[in-house]
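Worksheet: one structure, shown below.
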Amino acid sequence: MGDSQYSFSLTTFSPSGKLVQIEHALTAVGSGQTSLGIKASNGVVIATEKKLPSILVDEASVQKIQHLTPNIGVVYSGMGPDFRVLVRKSRKQAEQYNRLYKEPIPVTQLVRETATVMQEFTQSGGVRPFGVSLLVAGYDDKGPQLYQVDPSGSYFSWKASAMGKNVSNAKTFLEKRYTEDMELDDAIHTAILTLKEGFEGEISSKNIEIGKIGADKVFRVLTPAEIDDYLAEVE
Amino acid sequence: MQIFEYNGSAVVAMVGKNCFAIASDRRLGVQLQTIATDFQRISKIHDRVFIGLSGLATDVQTLYQRLVFRHKLYQLREERDMKPETFASLVSAILYEKRFGPYLCQPVIAGLGEDDKPFICTMDSIGAKELAKDFVVSGTASESLYGACEAMYKPDMEAEELFETISQALLSSVDRDCLSGWGGHVYVVTPTEIKERILKGRMD
Chain R
344 MGDSQYSFSL TTFSPSGKLV QIEHALTAVG SGQTSLGIKA SNGVVIATEK
394 KLPSILVDEA SVQKIQHLTP NIGVVYSGMG PDFRVLVRKS RKQAEQYNRL
444 YKEPIPVTQL VRETATVMQE FTQSGGVRPF GVSLLVAGYD DKGPQLYQVD
494 PSGSYFSWKA SAMGKNVSNA KTFLEKRYTE DMELDDAIHT AILTLKEGFE
544 GEISSKNIEI GKIGADKVFR VLTPAEIDDY LAEVE
Chain B
24 MQIFEYNGSA VVAMVGKNCF AIASDRRLGV QLQTIATDFQ RISKIHDRVF
74 IGLSGLATDV QTLYQRLVFR HKLYQLREER DMKPETFASL VSAILYEKRF
124 GPYLCQPVIA GLGEDDKPFI CTMDSIGAKE LAKDFVVSGT ASESLYGACE
174 AMYKPDMEAE ELFETISQAL LSSVDRDCLS GWGGHVYVVT PTEIKERILK
224 GRMD
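Laid out in C-alpha cells, this is it:
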C-alpha cells in the first residue's frame, strides 16, 4: 500500500519507546463519556453518563452497562462499537471456562483473558487497538472486585476509579470521599455525586446508567425508577 | 483379546465421615504374564484430590501426566487448588475430546471438597461421570468389587474403620480376578493427614 516505514504495523515502537497507537487509543478513551466504579465493603457499583446525541433517540434501547456473567458486569469509556466486540468475546470466554470446569469464572481470570485479547490487538498485523477502557465489577469467592482494563491490555484492581472526559476531577472527588468501610448504598450515592461533579446539564435517570452487585452475587442494572429514588436521596 | 483387560487393574474409592479412602491393586500384567508388582495406579493431584486410573497402563500414565500438567497451570493462574468437582469436570472434558479415539482408562476421582465434605466419582473412558455417595469401583475386578463393597460398606465410618473396610473389599475382590492383585495400595485421606499403606495379599 503506502511506502511509509510503519505501514506494515500500526503498533511499531516509536524512538521514545512508546506505542503511538495505544497513546491515541487512550486519547479516544479520554474524550469518551465519563464512567466510574466504586468497590464497597459488601459490593461494587459502576456508573456512566448516558448523553445521547439527540432527544429523539430512544434512551431505553441504549445499554452502556452490560453483563459478562450473572455475577460480573462491565462499563466503558470510549468507542461503543469496540465495547460491543469485547463484551461478545468476554462472554464467550466466560462460558467456555464454565463449560470446561462447570464452575463460574473467577473475576480475575475473566479480566486477565479480556486483557489478553486487548493486548493481542496491539501486537498483530492489520488491526488497531480497541478504543475503550473497561471497568469490570464482579463478586465471587474472593469478595467484591473492581478492575480497569486499558487499550494496551494492562489491568489494575481499584478501590474506586473513573475514566473518560472528567477523569481528573472525578478521581480527586473519589479520593476525598472514599472510605474503606463504605457500604453499597453509600457507594451508589457517592457515585451519583461524582457523576454530578462534571455533569453538563441536569442529571436525571434518563441520562445516567448505574449497575451494582452485592453479596447476593447477582449483577443488576438499575431501572430508571430506582435511579430516581437514589437521586432523590442525594438531593 | 479385550483391550481393557490387557494389563489388569482394580480401583475402588469409598466415602467416610469427613474422610475418604482410595485403593488399587499393584499388578501390571501383559495378558497372562505378570510384569510388575508395584505399579502405581493412584496419584495425588494435590493434598485433597486423588485420582485412580484403571485400564490400559500406557494410557493410565499418559492421562495422569496430562492431568497433572493441566492442574499445575490452573494452580499458577488461579493461585488455588482445584476443587474435586471441578477436577472431575476437567477429566470428563479431556476424555470426551478423544471421543472417537479414546484413552482406554476408567478414572476414579476422590477428594475433599468445601467444608471437608468427601467427594467421589467415576467415569467411563469417554467421560460419562457417575457420582456416588458411598463407593465407586473400576477395573477388571469391578464386578467383584461392586459385590464386596455393597456388602461391607456402611456410611459415616471413621478413618481407621474405613481403611479396614476398603482393604478387605479390595483384597477379597482381586482374589476372584486373575488379572489383578499382587498386593494393594491404600490411601486414607482426612482433612489433616494422608495415610498411605501397602497391603500384603495373595501373591498370585
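Protein sequence lines correspond, in order, to chains R and B.
For the first sequence, the numbering used here assigns the number 344 to the initial residue and increments by one for each residue that follows.
For the second sequence, the numbering used here assigns the number 24 to the initial residue and increments by one for each residue that follows.
Every residue, glycine too, gets a C-beta built ideally from N, C-alpha and C.
Taking C-beta separations shorter than 7 Å and ignoring five residues to either side along the sequence, the partners of glutamate 219 (chain B) in its chain run Tyr210, following chain order. In the DSSP secondary-structure assignment, leucine 517 (chain R) is not bridged to any residue. Rounded to whole angstroms, the separation of the alpha carbons of alanine 46 (chain B) and proline 125 (chain B) is 24 Å.
With respect to chain B, the C-beta atom of lysine 549 (chain R) has no partner C-beta closer than 7 Å. Against chain B, the CB of glutamate 523 (chain R) has no partner CB under 7 Å away; the residue lies outside that interface. In this structure, DSSP gives glutamine 54 (chain B) a state outside helix and strand, which the three-state scheme calls coil.
The beta carbon of alanine 192 (chain B) sits closer than 7 Å to those of Val35, Leu168, Ala171, Cys172 and Met175, all from its chain and outside the five residues before and after it, given in chain order. With contacts defined as CB atoms closer than 7 Å, lysine 106 (chain B) and glycine 75 (chain B) fail to qualify as a contacting pair.
With respect to the C-alpha of threonine 355 (chain R), the residue from R:Gly380, R:Asp524, R:Ser467 and R:Pro424 having the closest C-alpha is R:Ser467.
Isoleucine 143 (chain B) and methionine 422 (chain R) have their C-alpha atoms some 49 Å from each other. According to DSSP, cysteine 128 (chain B) shares a beta bridge with B:Gly78. Distances from the CA of asparagine 509 (chain R) to each of R:Gly360, R:Ile556, R:Ser357 and R:Val372 were compared; the closest alpha carbon is that of R:Val372. Counting along the chain, arginine 220 (chain B) sits inside the beta strand (DSSP E) bounded by residues 217–222. Annotation: Cβ neighbours of glutamate 101 (chain B) in chain R (cutoff 7 Å, chain order): Pro449 and Gln452. Per the DSSP secondary-structure output, glutamate 392 (chain R) pairs in a beta bridge with R:Ile551.
Secondary-structure assignment with DSSP links isoleucine 556 (chain R) through a beta bridge to R:Val387 and R:Phe562. Look at glycine 481 (chain R) here: in three-state DSSP terms it is strand. C-alpha of phenylalanine 43 (chain B) to C-alpha of proline 447 (chain R): approximately 26 Å in a straight line.
Counted as a single uninterrupted DSSP element, the beta strand (DSSP E) harbouring valine 492 (chain R) occupies residues 486–492. In the structure shown, the three-state DSSP call for glycine 468 (chain R) is coil. DSSP, reduced to helix, strand and coil, places glycine 170 (chain B) within a helical segment of the structure shown. Residue state for threonine 354 (chain R) is assigned as coil, using DSSP reduced to three classes. For phenylalanine 27 (chain B), the three-state secondary structure derived from DSSP is helix.
When DSSP reads this structure, glutamine 409 (chain R) sits in a beta bridge with R:Val417. If you ignore the 5 residues before and after lysine 156 (chain B), its C-beta comes within less than 7 Å of the C-beta of Val38, all in its own chain and listed in chain order.
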